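Participant:
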DNA sequence: TACTTATTGAAATTGATTTTCATTATCAAT
DNA sequence: ATTGATAATGAAAATCAATTTCAATAAGTA
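Residue numbers (this note's numbering), protein chains in the order written: chain A, 16 to 154; chain B, 16 to 154.
1) Can you give the Cα-Cα distance for residue 118(A) and residue 102(A), rounded to whole angstroms?
2) So, is the C-beta of residue 143(B) closer than 8 Å to a C-beta in chain A?
3) Cα-Cα, which of 59(A), 51(A), 56(A) and 61(A) is closest to residue 83(A)?
4) Taking residue 121(B) as the query, report the chain A residues whose CB atoms sit under 8 Å from its CB, ordered along the chain.
5) Taking CB distances under 8 Å as the criterion, tell me whether residue 152(A) reaches chain B.
6) Within 10 angstroms of the Cβ of residue 48(B), are there 16 or more other Cβ atoms? Answer buried if so, exposed if not.
7) Identify each residue in the stretch 72 to 93 of chain B for which the Cβ-Cβ distance to at least one residue of chain A is less than 7 Å, and report them in chain order.
8) What would DSSP say about residue 122(A), mapped onto helix, strand or coil?
9) How big is the Cα-Cα spacing for residue 144(A) and residue 64(B)?
10) Taking residue 140(B) as the query, report the chain A residues whose CB atoms sit under 8 Å from its CB, ordered along the chain.
11) Does the distance from the C-beta atom of residue 130(A) to that of residue 120(A) stay below 8 Å?
12) Using three-state DSSP, classify residue 50(A) as helix, strand or coil.
13) Measure the C-alpha to C-alpha separation of residue 91(A) and residue 16(B) and round it to an integer number of angstroms.
14) Does residue 125(A) come within less than 8 Å of chain B when only Cβ atoms are used?
15) Shorter than 8 Å from the beta carbon of residue 96(A) to some beta carbon of chain B?
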């Protein structure tokens with residue numbers, strides 16, 4: 016996974032640096048969406064000299080490369096999650112933030128119909144479920 | 016409509032002021048979601064001495080009273096729209112921002128099933144469609 | 001190894017939002 | 001109507017996230 020990400024960076028002419036590797040490590044190992052300042056704090060534990068700006072810039076790149084996806088939550092709208100190819104709908108734990116991509120669902124037709132009924136030309140949709148993950152239900 | 020809103024303010028022990036009336040007018044007459052600074056600019060056209068702080072505070076109250084709903088869009092996550100009772104799903108124009116509540120849709124069961132499949136306890140869901148409104152399709 | 005150029009991080013800047021506080025205005029009780 | 005308690009207002013200061021600037025540094029190719 017990490018190899019894929021670093022290869023994609025290189026492919027775009029970007030350089031592999033210790034900072035970028037550390038940031039990527041944090042993002043790939045997190046099961047919840049993180050905002051730049053959270054990534055900054057986590058990454059600095061192993062890389063204290065890291066600057067915030069680098070985190071902002073790196074995360075912006077990763078989003079443009081299609082490796083990260085922006086996730087909106089009650090606790091903030093600047094959170095990013097590793098993108099799973101082909102999946103855009105998330106189930107998010109309201110307690111710990113754990114995010115899971117779910118599948119086996121096709122609402123496209125229903126959405127188109129609604130748009131038509133309102134004379135809109137459908138371009139996109141946004142669906143997100145939230146609740147308690149298995150672990151947080153037990154606490 | 017405005018009477019209902021002002022009555023609700025009064026009911027909660029809040030006072031009716033010229034500023035609040037002006038802000039409520041703007042929000043009730045807008046067919047798109049607005050953020051505090053947009054409301055500030057629009058309201059100042061008829062009420063130049065208005066302060067930004069008052070707009071922030073008033074909108075926060077209106078949200079707590081259940082009269083305004085927060086709407087997240089590509090163009091910002093601090094936008095507020097008058098809440099239509101019982102409706103939470105929106106169709107939003109990507110060009111002009113026009114927002115329409117739609118109905119005739121019940122995904123509750125499908126959503127519950129997805130949550131169950133992932134061992135999550137469903138608490139909430141968030142669905143928003145976006146596209147071009149009738150007017151913007153013609154431009 | 002040297003050199004080109006992308007990357008970095010500190011500091012300054014911006015822009016939105018919040019807090020503070022003295023002044024003003026609302027509204028209930030006279 | 002007048003008064004008075006107190007809610008509301010708005011200017012200014014403070015805060016906080018995010019962006020820009022720029023000189024120093026490091027990556028990776030030649």
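Using N, Cα and C, we set each Cβ at its ideal position, and we do this for glycine too.
Note that this is a predicted model, so its numbers are computed, not measured.
Facilitator: Judging by the given coordinates:
1) Between residue 118(A) and residue 102(A), the C-alpha separation is close to 7 Å.
2) yes
3) Comparing Cα positions, the closest option is 51(A).
4) Under the 8 Å cutoff, chain A gives no residues; its nearest Cβ is about 10 Å from residue 121(B).
5) So yes, residue 152(A) belongs to the interface.
6) buried
7) 87 and 92
8) Coil, per DSSP.
9) 43 Å
10) 142, 143, 144 and 145
11) Result no, Cβ atoms of residue 130(A) and residue 120(A) do not sit closer than 8 Å.
12) The answer is coil: DSSP assigns residue 50(A) none of H, G, I, E or B.
13) When the Cα atoms are used, residue 91(A) and residue 16(B) turn out to be separated by approximately 32 Å.
14) yes
15) no
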